[in-house]
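In the numbering used here, the protein residues as written are 190 to 398.
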DNA sequence: CATGGGATTGACT
DNA sequence: GTCAATCCCATGC
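Okay, structure coming up:
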């Protein structure tokens, strides 16, 4: 069973946590460089880890826009991080793209990233924007027909097995299981989720022991 | 207007 | 494991 060709579009209409899961396996392309999404995180204005939690500001207004545009922001003063804005206009929600499996334009990615092995080119949210040449100037640009193109999974590619974990690098709402990774994929960022991590159902907060 | 804190990464111990 | 780099923006005085 290969993935439906419109999964990237249907994901935009969904609640952000479902969207984050559905976007795993889809593709991101920019100027001839592309990759398959292997790791995502969900952010929603109802929880304090989301930039939109503070409400509508000059920084966060992109998050409240209609779905299908990019939210690109600077992290730690250094890195540009790429998000897919989802949910209806007026809701601040986005899916952070955390890692890609490189597909095309590998030589150009290496040129931007340096000497890296293929698996290290896009194995992190700051790495993949550097590899694909995505900068802050692309904030609020459309993901269909824009400079960045969100596409369906590559034809014939089976749906990946997805593992679920808590989000990385945040200090608030740390318990939400809103991180989605392709099980066992070598391109996901660290810390890697174990292949046997939760794949469905409720979260077990504490080990039974 | 000053300040504090990041949705990170790479280098180093 | 620790830590510095570096800048935008939200907040508070």
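Built from N, CA and C at the ideal position, the CB exists for glycine as well. All values derive from a computational prediction rather than experimental measurement.
Item to complete: Below 8 Å on the Cβ atoms is my guess for residue 321 versus residue 219; work out the distance and round it to an integer in Å.
Response: 4 Å
Fill in: Residues of its chain near residue 264, where Cβ-Cβ distance is below 6 Å and the 5 sequence neighbours each way are ignored
270
Discussion item. Could you give the first and the last residue of the continuous beta strand (DSSP E) run that contains residue 230?
Written reply: 222–233
Fill in: Pairwise C-alpha distance: residue 237 and residue 361
6 Å
Worksheet item: What are the uninterrupted segments assigned as beta strand (DSSP E) that are 3 or more residues long and contained completely in the stretch 228–307, given in chain order?
Response: 259–264, 268–274, 282–293
Practice prompt. For my contact list, residue 345 and residue 293 are in at a C-beta cut-off of 8 Å; report their separation, rounded to the angstrom.
Written response: That belief does not hold up - the Cβ atoms of residue 345 and residue 293 are roughly 16 Å apart, past 8 Å.
Practice prompt. Count the other CB atoms, across all protein chains shown, that sit within 10 Å of the CB of residue 191; report buried if there are 16 or more and exposed otherwise.
Written response: exposed
Fill in: Euclidean distance between Cα positions of residue 132 and residue 384
The first residue shown for the chain is 190 and the last is 398, placing residue 132 beyond what the model contains.
Worksheet item: Mapping DSSP to helix, strand and coil, what is residue 382?
Response: coil
Practice prompt. Kindly list the residues whose CB is nearer than 6 Å to the CB of residue 208, restricted to its own chain and excluding five residues on each side of it in sequence; keep chain order.
Written response: 200, 275, 284
Practice prompt. Scan the stretch 304–335 and note each continuous alpha helix (DSSP H) run of 4 residues or more that stays entirely inside, going in chain order.
Written response: 307–310, 314–321
Worksheet item: Since residue 197 sits in a beta bridge, which residues does DSSP pair it with?
Response: DSSP output for residue 197 lists no bridge partner at all.
Worksheet item: On the premise that residue 341 lies in contact with residue 196, defined as a C-beta separation below 8 Å, what is that separation, rounded to the nearest angstrom?
Response: 6 Å
Worksheet entry | Cβ-based neighbour list, residue 359, same chain, cut-off 6 Å, excluding 5 preceding and 5 following | 238
Discussion item. On the DSSP bridge list, what partners appear for residue 216?
Written reply: 225, 340
Worksheet entry | Beta carbon of residue 373 nearer than 9 Å to that of residue 350 | yes
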